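Enquirer:
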Amino acid sequence: MAEIEREAMEYDVVIVGAGPAGLSAAIRLKQLDADLNVVVLEKGSEVGAHILSGAVLDPSGLDALIPDWKEKGAPLNVPVKEDNFYALGPAGSVRIPNFPMPPLMNNHGNYIVSMGNVCRWMAEQAEELGVEIFPGMACSELVYGDNGEVKGVVAGVFGLEEDGSYGPNTEPGMELHGKYVFLSEGVRGSLSKEVIEKYGLQDGKDPQKFGIGMKEIWEIDPAKHKEGTVTHTMGWPLGSNAGGGSFIYHLDNNQVYVGFVVHLNYKNPHLFPYMEFQRFKHHPMVAELLRGGKRVAYGARAISEGGYQSMPKMVASGVALLGCSVGMVNVPRIKGNHNAMLSGIAAAEAAHKAIAEGRSGDELHDYEVDVRTGAIGKDLKKVRNVKPLWSKFGMVASLVFGGFDMWTNSLFGISLFGTLKHGKNDAEATEPASAHKPIDYPKPDGTLSFDRLTNVSFAMTNHEESQPCHLRLSDPMKPISDNLPMFDEPAQRYCPAGVYEIVEKDGKPEFVVNFQNCVHCKTCDIKDPAQNITWVTPQGGDGPNYPNM
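Heads up: take any position in the sequence shown, counting from 1, add 235, and you land on this note's numbering.
#1: Ala669 to Pro764, Cα distance in whole Å?
#2: Under DSSP, the alpha helix (DSSP H) around Lys613 begins and ends at which residues?
#3: Are the beta-carbon atoms of Ala253 and Cys374 separated by less than 8 Å?
#4: Where are the beta strand (DSSP E) runs, 3 residues long or more, that stay fully inside the stretch 704-743, in chain order?
#5: Compute the Euclidean distance between the alpha carbons of Val771 and Gln702, then round it to the nearest angstrom.
#6: Evaluate Val491 with the Cβ neighbour count: other Cβ atoms within 10 Å of its Cβ, from every protein chain shown; 16 or more gives buried, anything less gives exposed.
#7: Helix, strand or coil for Val521? Go by DSSP, reduced to three states.
#8: Please list the terminal residues of the continuous alpha helix (DSSP H) segment that includes Tyr509.
#9: Under three-state DSSP, which class holds Gln544?
#10: Could you tell me if Thr689 is buried or exposed, where buried requires 16 or more neighbouring beta carbons within 10 angstroms of its beta carbon?
#11: Assuming Thr758 contacts Ile447 under a Cβ cut-off of 8 Å, what Cβ separation, rounded to an integer in Å, is found between them?
#12: Given this structure, state the Cα-to-Cα distance separating Asp293 from Pro673, to the nearest angstrom.
#13: On a CA-only basis, which of Leu486, Asp710 and Val416 is nearest Glu598? Give me that one, please.
#14: Where do the ends of the beta strand (DSSP E) carrying Trp770 lie?
#15: If you follow the beta strand (DSSP E) that Arg530 is part of, which residue opens it and which one closes it?
#16: Go ahead and label His343 buried or exposed: buried means 16 or more other beta carbons lie within 10 angstroms of its beta carbon, across all protein chains shown.
#17: Could you say which of Gly553, Leu264 and Asp686 lies nearest to Pro360 if we only look at CA atoms?
#18: List the DSSP bridge partners of Ile452.
#19: Say whether chain C places a C-beta atom closer than 8 Å to the C-beta of Glu429.
#20: Is DSSP giving His587 helix, strand or coil here?
#21: Name the two residues that bound the continuous beta strand (DSSP E) containing Thr468.
#22: Give the DSSP-derived three-state secondary structure of Val606 in the structure shown.
#23: Can you tell me whether DSSP reads Asp298 as helix, strand or coil?
#24: For Lys459, I'd like the list of residues in its chain whose CB is within less than 6 Å of its CB, leaving aside the five on either flank, ordered along the chain.
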């Protein structure tokens, strides 16, 4: 095929992803120098379309970026008024008192928000400063310079043939070059994954760990609604099968965010994370809250859980990784948006300094130092042992020893455990199906619990069916030849959108990929035991379209 010719546009900084990290970087760059040319490329159909809304936001990142955010109308309208923690059993619950909790677990001063709306507001602030934002522009390739540095991205490729080739109606996209490229794609972004592998950025670090977070937005009976209430649970229904827990956040307008997280280092391939979520809603405490209400939205995404010891090197020549592309979630707090914003600020300040010195295409060492020694590093270092303690010893040990470790870190800056290792990655943690019993899940009742395909329709996800499948199998035979006999092909269950099926054709099992259902959670890229599935960016605008709530 002849060399593809593309138009190229030159910028000072090219930012991939209009989430809290990318938008913070863009805003800070223009605050520092209004003459810098900054572009943000967003694969969603609009800013916020791929942001799974519903979070408790620590405003420290926003305070540092836009101190007068209240006066500017930021959509932080529901302050947290009440914190609840429960350990659940099959039919009851035990309230965990707040007073033994380390101070960092206190949600006083935080806000229940739609991060989709927060990002839409941040995009408005960025555009007012002169940032160019292009939604519906998926970045499918990196562009490398003569010395091996990252010098840009390819964006806006549309109309590929089903086999991935260029056809008569293909739009080849364009190259956007920058003195520096920031990757703020979120968890397990395809370009970030390429950079980490190409430059060995994970070498010497613990493997990154992940969870799958599923979330529904419900409108409930006004009599049951308690605006500003935050509830977290652990225990049932997961028990010893997996780590994880739930959250229920009461925002305004009689709405609640109901979410469920399953740590992806579970051993039993029969585990069905989505059905654990659906079963959870039948717990008496939760069912009573939701009964008489209606679900209005659904979504899912992977969550980075490795924390301090799993963060890769964040810079290579010409490129920096921001936010969840690195993994900056404080696991016990279930918060990462504040750190994403702070990482964007730090990267912007490092790039501004470098450009002012006449540099380009080198490593932004100042950014790496800022993240590891500044507010982000301090936040994550305090909680670095909670996840490995849970993984090795279970929920109770995590509560007792993890809580103790957070106290000693908070008060004295030390840990009696040192820094614990995570060990295996999540794919390697999966054990043969023969070592575990199948799990019998109740059938969804259509009122409190729902089948996957019905729920996926509430994610408003869409993919052009004639485009290439963005879920690529390294070996198309492995799902049947390896994963099915060894692991009962767990892709049938770990995907929260029903993308993968085993069907019978001519008396033989066949692996089917329904990529149109994909909500871009990346779980398959993470959990597949054979590491045979790679998630790549589909064409711009495709994927979920989460509501403006």
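Glycine included, every Cβ here is placed at the ideal spot set by N, Cα and C.
These figures come from a predicted structure and were not determined experimentally.
Expert: The short version:
#1: Walking along the sequence shown from the start, residue 669 turns up at place 434. Walking along the sequence shown from the start, residue 764 turns up at place 529. For clarity, residue 669 is Ser in the given sequence; the question names Ala instead. Whole-angstrom Cα-Cα distance: 15 Å.
#2: For the purposes of this step, residue 613 is identified with residue 378 of the sequence shown, where counting begins at 1. It spans Ala610 to Lys616 - the alpha helix (DSSP H) in which Lys613 sits, taken as one unbroken run.
#3: Against the sequence shown, residue 253 aligns to sequence position 18. Against the sequence shown, residue 374 aligns to sequence position 139. No, they are not a contact pair.
#4: 706-708 and 735-740
#5: Against the sequence shown, residue 771 aligns to sequence position 536. Against the sequence shown, residue 702 aligns to sequence position 467. Their backbone Cα atoms lie some 13 Å apart in a straight line.
#6: As a working note, residue 491 is residue 256 in the sequence shown. The residue in question, Val491, is buried, as its Cβ has 16 or more Cβ neighbours within 10 Å.
#7: By 1-based counting over the sequence shown, the position of residue 521 is 286. If DSSP states are grouped into helix, strand and coil, Val521 belongs with the helices.
#8: As a working note, residue 509 is residue 274 in the sequence shown. Pro508 to Phe515 is the span of the alpha helix (DSSP H), which, as asked, contains Tyr509.
#9: For the purposes of this step, residue 544 is taken as the residue at position 309 of the sequence shown. The answer is helix: DSSP assigns Gln544 an H, G or I state.
#10: Position 454 of the sequence shown, counted from the first residue, corresponds to residue 689. Thr689 comes out exposed.
#11: Numbered from its first residue, the sequence shown carries residue 758 at position 523. Numbered from its first residue, the sequence shown carries residue 447 at position 212. That belief holds up - the Cβ atoms of Thr758 and Ile447 are roughly 5 Å apart, short of 8 Å.
#12: Here residue 293 corresponds to residue number 58 of the sequence shown, with the count starting at 1. Here residue 673 corresponds to residue number 438 of the sequence shown, with the count starting at 1. Cα-Cα distance, rounded: 40 Å.
#13: Here residue 598 refers to the residue found at position 363 of the sequence shown. The residue with the shortest Cα to Cα distance from Glu598 is Val416.
#14: Within the sequence shown, numbered from 1, the residue matching residue 770 stands at position 535. Ile768 to Trp770 is the span of the beta strand (DSSP E), which, as asked, contains Trp770.
#15: To locate residue 530, count along the sequence shown from 1; it is residue 295. Lys529 to Ser539 is the extent of the beta strand (DSSP E) around Arg530.
#16: Position 108 of the sequence shown holds residue 343. So His343 counts as exposed.
#17: Locating residue 360 in the sequence shown gives position 125, where the first residue counts as 1. Here residue 360 is Gln; the residue named in the question, Pro, does not match the sequence. If we check each option's Cα against that of Gln360, Leu264 comes out closest.
#18: Reading the sequence shown from its first residue, position 217 is the one you call residue 452. According to DSSP, Ile452 bridges with Tyr492 and Ala532.
#19: In the displayed structure, chain C is absent; only one protein chain is listed.
#20: For the purposes of this step, residue 587 is taken as residue 352 along the sequence shown, with counting starting at 1. Of the three classes helix, strand and coil, the one that applies to His587 here is helix, per DSSP.
#21: Here residue 468 refers to the residue found at position 233 of the sequence shown. Per DSSP, Thr468 belongs to the beta strand (DSSP E) from Thr464 to Gly470.
#22: By 1-based counting over the sequence shown, the position of residue 606 is 371. Of the three classes helix, strand and coil, the one that applies to Val606 here is helix, per DSSP.
#23: Walking along the sequence shown from the start, residue 298 turns up at place 63. Residue state, collapsed to three classes: helix.
#24: Reading the sequence shown from its first residue, position 224 is the one you call residue 459. The answer, listed in chain order, is Leu524.
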